[in-house]
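Here the sequence shown stands for residues 1 to 175, where the numbers follow our numbering.
Glycine included, C-beta positions come from ideal geometry on N, C-alpha and C.
Notes follow the structure.
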Amino acid sequence: SSGINAEYGDIIQTVVKRSLDSWTALQLALEHGFVEGNVENKYDALRDDLVDICVQGADQLDIEELLESAAYHDFNFLDEDKSFKDLARAIITCLQELKTDCIKIDVVEKYFPSVTDAVAKSCKGESLTQHVDEESALSEMVSETSLQEPRPPKQKIEPIIDDDGFELVQSRRKR
């Protein structure tokens, strides 16, 4: 049982790291230098706090409060579009599904798409580093993209001209 809990803890770390990497507002704040002081320490502290509360069974509101507070106090940005709420919901939903089956990689994939292989390897105890060649990634993306059939062009109705050269106006039929 403790092996499963340790494994679940590893997956929580992966989910948290992946979720923070996918939080656009945070990534922009980091990129554009909004953060004062030691950026790495603040990022690591947020990640560790998030992992801790997830391991302790936090609810969505707990996670939202942590993310919003960290955004404002540690990373100097106001998350006006409330993306931290979406992120918290995704983390909670993902973790709830994972509780039923820790090794269900597609659960994490659904919420944080590029994490699949990393989680698979972490479950096996392998390295999280992954090399992907562009060609296979591109062919995978293309094969997953569904193309819609183009609609046939609408038939253009030719105007009706009467004997005096005036165009007859026709009312459109409702569909």
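Residue i in three-state terms, based on DSSP
| i | result |
| --- | --- |
| L128 | In this predicted model, L128 has a pLDDT of only 40, less than 50, meaning its place in the structure is not dependable; the value taken from the coordinates is given anyway. Reduced to three states, the DSSP call for L128 is coil. |
| E149 | Low confidence applies here, because E149 scores a pLDDT of 47, under 50, leaving its location unreliable and the question unanswered by this model. |
| L78 | coil |
| E36 | coil |
| S122 | With a pLDDT of 46 at S122, under the threshold of 50, the modelled position of this residue cannot be trusted, and the question is left open. |
| A29 | helix |
| Q13 | helix |
| A58 | coil |
| F84 | helix |
Residue environment, residue i, which counts as buried when at least 16 other CB atoms sit within 10 Å
| i | result |
| --- | --- |
| D79 | buried |
| F166 | exposed |
| E64 | buried |
| L61 | exposed |
Within 7 Å, strictly: CB atoms of residue i and residue j
| i | j | result |
| --- | --- | --- |
| C54 | I11 | no |
| F75 | V108 | no |
| Y111 | A90 | yes |
| A29 | L46 | no |
Per DSSP, the bridge partner or partners of residue i
| i | result |
| --- | --- |
| E167 | I161 |
Sufficient close CB pairs (3 or more, under 8 Å) joining the stretch 88-99 to the stretch 12-27: yes
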